[in-house]
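Here the structure comes first, spelled out in structure tokens, and everything after it is commentary.
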Amino acid sequence: MAKGIDTTFMTYGIRREDMALIRQLAMDANLDEDWVVEYILKEYHDKRVANAEVKDSDADSVIKNAIKKIK
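Residues in the sequence shown are numbered consecutively from 69, following this note's numbering.
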């Protein structure tokens with residue numbers, strides 16, 4: 069059996085089907101889907117990798133920093 073990352077997990081540990089749903093929800097909310105992925109999901113994932121436990125305040129800071137990028 070081959071070892072490695074399961075190909076169903078493609079972006080920041082999120083399955084393709086779930087990522088498609090996230091992108092659709094972003095579009096439905098009139099958000100740039102790439103912005104959501106790059107500045108929220110990627111940043112959150114990086115914090116999770118650096119620290120196994122991510123607090124609510126960490127998630128808040130990710131969102132606040134992402135919002136600053138669009139101003």
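C-beta: ideal position from N, C-alpha, C; glycine also.
- Query: Just how far apart, CA to CA, sit L93 and D86?
  - Reply: The count along the sequence shown starts at 1 and reaches residue 93 at position 25. The count along the sequence shown starts at 1 and reaches residue 86 at position 18. Whole-angstrom Cα-Cα distance: 10 angstroms.
- Pull up the distance between the alpha-carbon of A88 and that of D96, whole angstroms please. Start at 1 with the first residue of the sequence shown, and residue 88 comes out as number 20. Start at 1 with the first residue of the sequence shown, and residue 96 comes out as number 28. Those two C-alpha atoms are separated by around 12 angstroms.
- Same chain only: Cβ atoms within 7 angstroms of Y107, ignoring 5 sequence neighbours per side: Within the sequence shown, the letter at position 39 stands for residue 107. Cβ neighbours of Y107 beyond the five flanking positions: A134, K137.
- Query: Helix or strand or just coil, what does DSSP make of V105?
  - Reply: For the purposes of this step, residue 105 is taken as residue 37 along the sequence shown, with counting starting at 1. Of the three classes helix, strand and coil, the one that applies to V105 here is helix, per DSSP.
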